[in-house]
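Numbering (my numbering), first residue to last: 8 to 347.
Beneath this line is the structure, given in structure tokens, with notes to follow.
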Ligand SMILES: [Zn+2]
């Protein structure tokens with residue numbers, strides 16, 4: 008089974024759900040999107056624009072620039088980095104909103120109806136797009152699948168289930184969190200570059216130059232991760248959102264995914280099981296996500312005698328393309344500290 012953020016969300020919303028704690032080597036889970044009041048909203052401003060609706064047959068923004076829509080934060084950051092100033096890039100899922108269970112709004116349909124290009128992560132992440140794109144009825148829309156050519160991770164093993172109340176949601180197309188591996192992020196940026204060039208060849212040189220600069224930064228980020236994490240190979244960590252299997256695989260880390268957190272408290276049996284799993288896998292770190300304040304995690308970390316830190320899935324955050332590097336470097340620092 009493959010876990011995703013849905014489990015922790017469900018746990019937060021319903022009471023009486025038994026915890027499911029699955030241990031997954033090479034894959035990890037931590038909270039999807041918690042709302043963060045500090046998010047930028049620059050990408051969403053034109054969503055309410057009245058002319059968006061009327062201009063349905065004109066795939067140009069009012070500025071005359073190519074209108075590009077990116078689905079959610081990491082894809083927006085990469086697209087914005089490549090587009091620079093020559094295209095108008097908007098974001099569909101506002102930062103602070105859960106992407107995995109996102110429900111499209113009428114505003115999203117309008118934005119897609121007037122866009123020339125739609126950039127998505129793919130790998131089944133943006134389930135909301137299917138009907139939304141159809142409803143937008145925009146025959147001029149070009150879709151860019153940023154994960155084109157990336158082989159998804161599907162199987163995660165071994166899995167140790169702590170309870171039997173499994174309500175896991177499976178990613179039909181594998182785990183979608185490829186942007187958290189800087190090497191795969193490079194592939195995504197390349198796909199976005201090629202897609203933008205195909206849709207707007209007039210600005211080819213700019214897209215190429217911008218992509219090259221961003222890819223260079225991704226390469227040095229990759230080197231930084233390699234150099235830092237090779238000192239502590241096979242460091243095992245626990246998280247509550249299946250967001251880091253690609254990162255773990257890339258840098259020889261090991262993941263344990265805790266799949267469902269109950270709203271109230273863990274039963275003594277659950278805690279006992281978690282503790283023995285932590286011993287079994289020599290877990291060094293317990294990760295939540297920025298903005299998550301879960302008392303249960305805090306008490307679990309006390310029981311396990313493992314410090315609770317935050318690892319950022321980048322599903323939410325600032326809308327400046329440089330935010331990717333800022334957040335990933337913070338992740339690296341957290342991993343380094345935790346894995347010592
Ligand atoms: Zn996620």
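Think of the CB as a built atom: it goes at the ideal place given N, C-alpha and C, for glycine as much as any other residue.
Bear in mind that the values here come from a model prediction, so they are computed numbers and not experimental data.
With distances taken between CA atoms, residue 307 lies nearest to 275 out of 142, 333, 275 and 332. Under a 10 Å Cβ-count criterion, residue 113 is classified as exposed, with fewer than 16 other Cβ atoms of the shown protein chains found around its own Cβ. Counting only residues of its own chain and dropping the five nearest sequence neighbours on each side, residue 70 has a CB closer than 8 Å to the CB of 95. By the criterion of at least three beta-carbon pairs nearer than 8 Å, the segment 120-133 is not in contact with the segment 327-346. Annotation for residue 143: no beta strand (DSSP E) segment contains it, though the alpha helix (DSSP H) segment containing it runs 136-143.
The shortest C-alpha to C-alpha distance from residue 217 to any of 232, 234, 201 and 299 is the one to 201.
Rounded to the nearest whole angstrom, the C-alpha separation of residue 85 and residue 304 is 32 Å. By DSSP's assignment, residue 152 forms a beta bridge with 127.
Remark: the C-beta of residue 249 is in contact range of ligand 1, defined as less than 8 Å to any heavy atom. The beta carbons of residue 76 and residue 207 sit no closer together than 9 Å. Ligand 1 never approaches residue 100 closely enough for any of its heavy atoms to be under 8 Å from the residue's Cβ. Checking the 8 Å criterion, the Cβ of residue 183 is within range of a heavy atom belonging to ligand 1.
The C-alpha of residue 279 lies about 26 Å from the C-alpha of residue 255.
Between the C-alpha atoms of residue 234 and residue 293 there is a straight-line separation of about 22 Å.
Where residue 222 is concerned, the enclosing alpha helix (DSSP H) starts and stops at 211-236. For residue 201, the secondary structure class from DSSP, reduced to helix, strand or coil, is helix.
Residue 99 places its beta carbon less than 9 Å from that of residue 119. In the DSSP annotation of this structure, the continuous segment of the alpha helix (DSSP H) that includes residue 310 starts and ends at 302-311. Secondary structure at residue 260: coil, using DSSP grouped into helix, strand and coil. The C-alpha of residue 153 is placed about 7 Å away from the C-alpha of residue 129.
Using a Cβ-Cβ distance cut-off of 8 Å, the segment 219-238 and the segment 334-341 are in contact, since at least three pairs of beta carbons, one from each stretch, lie closer than that value.
Bounds of any beta strand (DSSP E) do not take in residue 318, whose DSSP letter is neither H nor E. Collapsing the DSSP output to three states places residue 118 in a helix.
Straight-line measurement puts the Cα of residue 242 at about 41 Å from the Cα of residue 213. Relative to ligand 1, residue 322 has its C-beta within less than 8 Å of a heavy atom. Straight through space, the alpha carbons of residue 327 and residue 300 are spaced by roughly 25 Å. Close CB contacts of residue 204 within its chain, under the 6 Å cut and outside five residues either way in sequence, are with 211 and 214 (chain order). Distance from the CA atom of residue 253 to the CA atom of residue 180, rounded to whole angstroms, is 15 Å. Note on geometry: alpha-carbon atoms of residue 109 and residue 236 lie some 34 Å from one another. In terms of side-chain proximity, the C-beta atom of residue 106 is found nearer than 8 Å to a non-hydrogen atom of ligand 1. Looking at the DSSP output, residue 192 bridges to nothing.
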